[in-house]
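> For the sequence shown, our numbering gives the first residue as 1, with consecutive numbering after it. Yeah, the Cβ is synthetic: ideal placement off N, Cα and C, and Gly gets one too. On a predicted model such as this, the values are computed, not experimentally measured, just so you know. Got a structure here, written out as structure tokens. Questions coming.
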Amino acid sequence: MKPVKEFELLRHFLHDKENVAIAQNIASAPDLQLLFPASSSSSSPQRSKSMTFLKSLAGHFGDLQKALPSASYSGVMDFACQLDDGTFALVEMQVIPHNNWDNRALYYLASFYGSQLRQGSSWDQVQKVIAINILGGGVREQAHWRSTPHQFQRHYKFQEQLDKESPARYIEGIELFQYSVMNVPDSPSLNRETRDWLAFFKHAARMDEEG
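Okay, structure coming up:
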């Protein structure tokens, strides 16, 4: 999910059970010999140095695992897109209501935003990230936000809270949009494209391909 996962392939390699077993065998084998092709011009000292290096590396395999532990949980979004202006858009569909859904949505959003910058990069390269949650529906017509059945859309931004005299002040960077499809009003105030998409997400589980 993150734009760049640090040492992702190396982490997989170091924590693969088969690779761990091979490293343990090499480190514990007293008479392990390294074979070169018959056409190789490698001399005996070179072979000895190669074996010393290989056994030493295997002996430090555990230290490498500690230095690069298995990657932390980052989640899997339904869609992670980048718009023409550089903004990232994360789209997640969730039918079943969960008590911790907002925590999960915020974790995905904050984790993605906070993982963009690499060493040597500049702060102006951090792109805005918006998350879009499409909630509810399905064959059982699951509803989110039962306490506010009149509400079908929520929009969260990072807003300054203390100065109430001036216009609202925001720090741009992350935004969260949520849509509860079971609460969508039959209202002409919504544009036709929005209404069509929300109707599709609401009823698609009961529709055939033609519909």
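My guess is that L83 and V129 are in contact by the Cβ rule of under 8 Å, so how many angstroms apart are they, rounded?
Incorrect: roughly 11 Å between the Cβ atoms, too far for contact.
> Three Cβ pairs or more, each shorter than 8 Å: is that satisfied between the region 130-137 and the region 201-211?
A contact exists between the region 130-137 and the region 201-211.
> Determine, using beta carbons only, whether I26 and Y113 come nearer to each other than 8 Å.
Not in contact: I26 and Y113 (Cβ atoms no closer than 8 Å).
> Would the beta-carbon of A142 fall within 8 Å of that of P185?
Correcting the residue identity first, residue 142 is Gln in this sequence and not Ala. No.
> I'd like the span of the beta strand (DSSP E) that includes M182, first residue to last.
Note, M182: premise wrong, no beta strand (DSSP E); not H, not E.
> If you scan the region 97-130 from start to end, which runs of the alpha helix (DSSP H) of 4 or more residues do you find wholly inside it?
As far as the region 97-130 is concerned, its whole alpha helix (DSSP H) runs of at least 4 residues are 101-114.
> With the cut-off set at 8 Å, would you say F88 and Q127 are in Cβ contact?
Cβ distance < 8 Å, so F88 and Q127 count as in contact.
> Assign Q82 to one of three DSSP states: helix, strand, or coil.
If DSSP states are grouped into helix, strand and coil, Q82 belongs with the strands.
> Tell me where the beta strand (DSSP E) around K157 begins and ends.
That run of the beta strand (DSSP E) goes Q153 to Q159.
> Alpha helix (DSSP H) containing M51: first to last residue?
Per DSSP, M51 belongs to the alpha helix (DSSP H) from S44 to G59.
> Using the Cα positions of S147 and N183, report the straight-line distance between them to the nearest angstrom.
Distance between the alpha carbons of S147 and N183: 11 Å.
> State yes or no: is the C-beta of Q153 within less than 8 Å of the C-beta of Y170?
No, Cβ-Cβ distance for Q153 and Y170 is not below 8 Å.
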